[in-house]
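Novice: As given, the protein sequences belong to chains A and B, one line each in that order. Heads up, the first sequence is in our numbering, so the first residue is 54 and it goes up one at a time. Heads up, the second sequence is in our numbering, so the first residue is 27 and it goes up one at a time. Even for Gly, the Cβ is constructed at its ideal location relative to N, Cα and C. Have a look at this one.
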Amino acid sequence: MTVKAVQFNVNGRDEAVMARPIETLLSVLRDGLGLTSVKSGCAQGGCGACSVLVDGELRLACITPAEDVAGSEILTLEGLNETNSMAAIQESFVANYAAQCGFCTPGMLVAVTALMESNPKPSRDEIMEALSGNICRCTSYLPIVDAVESAAGELSGQGDD
Amino acid sequence: MAEYLQPETIAEAAGMIAEHGGELAIMAGGTRAMQFLVPYMPYIMGLRRLGLERVEKSDGEWSLGAAATLTQIQKEVPIAALRDAARQIGAVAIQNVATIGGNLFSHAPYGDAATVLLALDARVSIADGGGERSLSLGDFYADGVDSGALVTGIQFAEPKGEAVYLKCGRKRFNATTVITVAVHVEMDGGNVRAARIALGGASPHPMRCTAAEQALGGGALDAAVIEKAAAAASAASAPASDATASEWYRRRMVGVYVQKALSQLA
């Protein structure tokens with residue numbers, strides 16, 4: 054049983070980390086690289102708190118072996134924070150009271166990013182489907198859907214008001 | 027912590043299975059294996075380097091690589107019933123990694139792809155010690171396969187008739203399955219020429235429901251005949267009770283959803 058060096062690009066930086074066999078991407082990102090936006094919620098692929106983008110595709114870091122994504126480009130919320138559109142989405146989350154305890158919020162924001170990449174002006178149904186893998190125990194979800202709808206409206210230049 | 031083996035050929039994979047036997051678990055997308063097998067098994071064999079992701083159609087025959095993801099199926103297979111099934115298993119992040127081959131081994135309430143594949147009369151390709159062979163998906167479930175067998179792909183003919191897939195869940199998206207129904211009906215003029223009806227969550231594994239198929243007979247697909255088929259499907263079900271739904275409710279929903287599905291084709 055050997056520890057392996059795994060290389061990938063995280064949030065625009067090339068990184069090399071040591072990973073045990075089948076060590077999860079969650080463990081490597083959070084404990085190894087200190088990217089604490091990637092949360093360990095259920096740790097079994099059921100809650101979405103560890104959502105990240107791997108080569109632009111939404112993945113759950115808790116059920117992804119780190120070595121399976123060697124050579125990939127990984128984006129966590131820390132990396133997405135740099136974009137203007139993320140600022141607009143975050144402001145909309147605040148304005149719509151879409152976060153209470155905030156634990157699920159990073160995963161929600163990553164899933165919203167994946168949605169808007171393929172569908173810049175999603176319907177409420179499409180938002181609910183896209184976020185159906187992200188569990189929130191505080192908000193009853195409706196403020197989150199409102200926030201995404203309003204941010205999408207603003208970002209696509211057609212405000213809802 | 028398990029050792030992670032990543033074979034690059036089927037022969038190499040078969041060798042690893044033969045060498046490690048019951049100490050080895052096969053992992054495709056990892057959506058189940060990462061939580062249920064990785065913590066307990068000494069050897070995990072990943073399928074990512076085997077090149078089993080291809081989705082192809084030639085001479086009217088679809089061939090899905092066992093490691094094709096549910097997202098890939100939605101994009102690459104323009105058969106609405108199969109797409110609907112793939113789209114309702116877990117949420118996007120799960121569909122991005124969960125595989126069509128792996129889904130065959132996911133028991134209810136996760137293994138819903140098989141319901142449609144049974145209605146499409148699919149076959150399963152398997153590699154084991156004796157080489158590669160193929161068997162019907164019905165036999166795959168009825169007889170089981172050796173734990174040393176590796177599913178390499180799924181094949182079915184382009185549907186001749188129309189197929190409908192419906193899922194009964196307790197919410198609209200990413201729902202735990204109560205039951206699933208898939209029907210494929212080929213009409214000849216106004217008469218039923220051939221029908222396949224499959225149920226998920228109605229028995230320990232997805233099943234074809236020949237009693238309901240026979241109840242359709244060879245005449246018109248009218249309300250009375252649909253009612254008979256729905257009742258036959260309900261009677262043939264032997265579902266489980268769990269936290270999602272009771273046995274009674276599941277059996278009722280089998281009838282309701284068989285009726286809904288067939289009514290869409292009438």
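Looking at the structure shown, is GLY170 (chain B) part of a helix, part of a strand, or coil, going by DSSP?
Specialist: Three-state result, GLY170 (chain B): coil.
Novice: Just the C-alpha distance for ASN137 (chain A) and PRO74 (chain A), rounded to the nearest angstrom, thanks.
Specialist: Near 38 Å, if we compare the C-alpha coordinates of PRO74 (chain A) and ASN137 (chain A).
Novice: Step through the CB atoms of chain A and report whether any lies within less than 8 Å of the CB of GLY116 (chain B).
Specialist: By this cut-off, GLY116 (chain B) is an interface position.
Novice: Is there a Cβ from chain A that is less than 8 Å from the Cβ of VAL204 (chain B)?
Specialist: For VAL204 (chain B), the answer is no, since every Cβ of chain A falls outside 8 Å of its Cβ.
Novice: Quick check: what's the CA-CA separation for LEU108 (chain B) versus GLN143 (chain A)?
Specialist: Cα to Cα, the separation comes out at about 36 Å.
Novice: Could you tell me whether the Cβ of MET71 (chain A) comes closer than 8 Å to any Cβ of chain B?
Specialist: Closer than 8 Å: no.
Novice: Verify the CB distance criterion: does GLY56 (chain B) have a CB-CB separation below 8 Å to chain A?
Specialist: Chain A contact via Cβ: present.
Novice: Pick helix, strand or coil for LEU106 (chain A), following the three-state DSSP scheme.
Specialist: Strand, per DSSP.
Novice: Determine the direct distance from the alpha carbon of GLY216 (chain B) to that of ASN64 (chain A), and round the result to whole angstroms.
Specialist: Roughly 60 Å between the two C-alpha positions.
Novice: Roughly how many angstroms lie between the CA atoms of ASP108 (chain A) and SER289 (chain B), to the nearest whole one?
Specialist: Each residue's Cα considered, the two are about 43 Å apart.
Novice: What is the DSSP secondary structure of PRO232 (chain B), reduced to helix, strand or coil?
Specialist: Three-state DSSP puts PRO232 (chain B) in coil, outside helix and strand.
Novice: Taking CB distances under 8 Å as the criterion, tell me whether ILE197 (chain A) reaches chain B.
Specialist: No - not a single Cβ of chain B is within 8 Å of the one on ILE197 (chain A).
Novice: Under a CB-based cut-off of 8 Å, is GLU29 (chain B) close to chain A?
Specialist: At least one chain A Cβ lies under 8 Å of GLU29 (chain B).
Novice: Give the straight-line distance between the Cα atoms of THR117 (chain A) and GLY124 (chain A), rounded to the nearest whole angstrom.
Specialist: So the two alpha carbons sit approximately 14 Å from each other.
Novice: Since MET169 (chain A) and LEU184 (chain A) are thought to touch, with beta carbons under 8 Å apart, how far apart are those beta carbons, to the nearest angstrom?
Specialist: Their Cβ separation, rounded to whole angstroms, is 12 Å, which puts MET169 (chain A) and LEU184 (chain A) out of contact at 8 Å.
Novice: Classify HIS133 (chain B) as helix, strand or coil using the three-state DSSP reduction.
Specialist: Three-state result, HIS133 (chain B): coil.
Novice: Give the residues of chain B in contact with ARG112 (chain A), contact being defined as C-beta atoms less than 8 Å apart.
Specialist: Correct list: ALA119, ASN122, VAL123.
Novice: Assign ALA256 (chain B) to one of three DSSP states: helix, strand, or coil.
Specialist: Here ALA256 (chain B) sits in helix by DSSP.
Novice: Using a Cβ-Cβ cut-off of 6 Å (strictly less than) and excluding sequence neighbours within five positions of ALA241 (chain B), which residues of its own chain qualify?
Specialist: Excluding positions up to five away in sequence, the list reads LYS254, ALA255, ALA258.
Novice: Could you spell out where the alpha helix (DSSP H) holding SER145 (chain A) opens and where it closes?
Specialist: Unbroken alpha helix (DSSP H) run through SER145 (chain A): 137-148.
Novice: When Cβ atoms are compared, which residues of the segment 90-116 of chain A fall closer than 8 Å to chain B?
Specialist: Answer in chain order: ALA96, GLN97, GLY98, GLY101, SER104, GLU110, LEU111, ARG112, LEU113, CYS115, ILE116.
Novice: Keeping to the same chain, check which residues put their C-beta closer than 6 Å to that of MET53 (chain B); ignore five residues upstream and five downstream.
Specialist: The answer, listed in chain order, is ALA59, ILE70, GLY72.
Novice: What is the DSSP secondary structure of ARG73 (chain A), reduced to helix, strand or coil?
Specialist: It is coil, neither helix nor strand.
Novice: For a contact meaning CB atoms closer than 7 Å, what does PRO74 (chain A) contact in chain B?
Specialist: Here the neighbours are MET27, ALA28, GLU29, TYR30.
Novice: Along chain A, which residues have their Cβ under 7 Å away from the Cβ of GLN100 (chain B)?
Specialist: Near GLN100 (chain B) there are no residues of chain A at all, since even the closest Cβ is about 12 Å away, more than 7 Å.
Novice: Should GLY47 (chain B) be labelled buried (16 or more other beta-carbon atoms within 10 Å of its own) or exposed?
Specialist: Exposed, by the Cβ-count rule.
Novice: Considering only heavy atoms of the ligand ZN, does any lie closer than 7 Å to the CB of GLU179 (chain A)?
Specialist: This structure simply doesn't include the ligand ZN, nor any ligand for that matter.
Novice: Could you list which residues in chain A have their beta carbon closer than 9 Å to that of GLN240 (chain B), in chain order?
Specialist: Those within 9 Å of GLN240 (chain B) in chain A number zero; the least Cβ separation is about 37 Å.
Novice: Can you find the residues in the same chain that come closer than 8 Å, C-beta to C-beta, to PHE182 (chain B), ignoring five residues on each side of it along the sequence?
Specialist: Result list for PHE182 (chain B): GLU87, TRP88, LEU143, LEU146, ASP147, ALA148, ARG149, in chain order.
Novice: What residues of chain B sit near GLU182 (chain A), judged by a beta carbon separation below 9 Å?
Specialist: ARG113, ALA117, VAL118, ARG198, PHE199, ASN200, listed in chain order.
Novice: Which residues in the same chain as GLY212 (chain A) place their Cβ atom closer than 7 Å to its Cβ, once the five residues preceding and following it in sequence are excluded?
Specialist: Note on GLY212 (chain A): pLDDT 48, under 50, position unreliable in the model; no value is reported.
Novice: Taking 8 Å as the CB-CB limit, is GLU202 (chain A) close to chain B?
Specialist: Answer no: the Cβ-Cβ gap between GLU202 (chain A) and chain B never drops below 8 Å.
Novice: May I have the straight-line CA-CA distance separating GLU79 (chain B) from LYS101 (chain B), to the nearest angstrom?
Specialist: About 13 Å.
Novice: Over what stretch of residues does the beta strand (DSSP E) that includes THR166 (chain A) continue unbroken?
Specialist: Where THR166 (chain A) is concerned, there is no enclosing beta strand (DSSP E), although the alpha helix (DSSP H) it sits in stretches over 158-171.
Novice: Does ASP213 (chain A) come out as helix, strand or coil in the three-state DSSP assignment?
Specialist: Here the model assigns ASP213 (chain A) a pLDDT of 47, short of 50, so the residue's position is not dependable, and the following value carries that caveat. If DSSP states are grouped into helix, strand and coil, ASP213 (chain A) belongs with coil.
Novice: Roughly how far, in whole angstroms, is the beta-carbon of ILE152 (chain B) from the beta-carbon of VAL171 (chain B), given that I think they are within contact range, below 8 Å?
Specialist: At roughly 6 Å, the Cβ-Cβ gap stays under 8 Å, so ILE152 (chain B) and VAL171 (chain B) are in contact.
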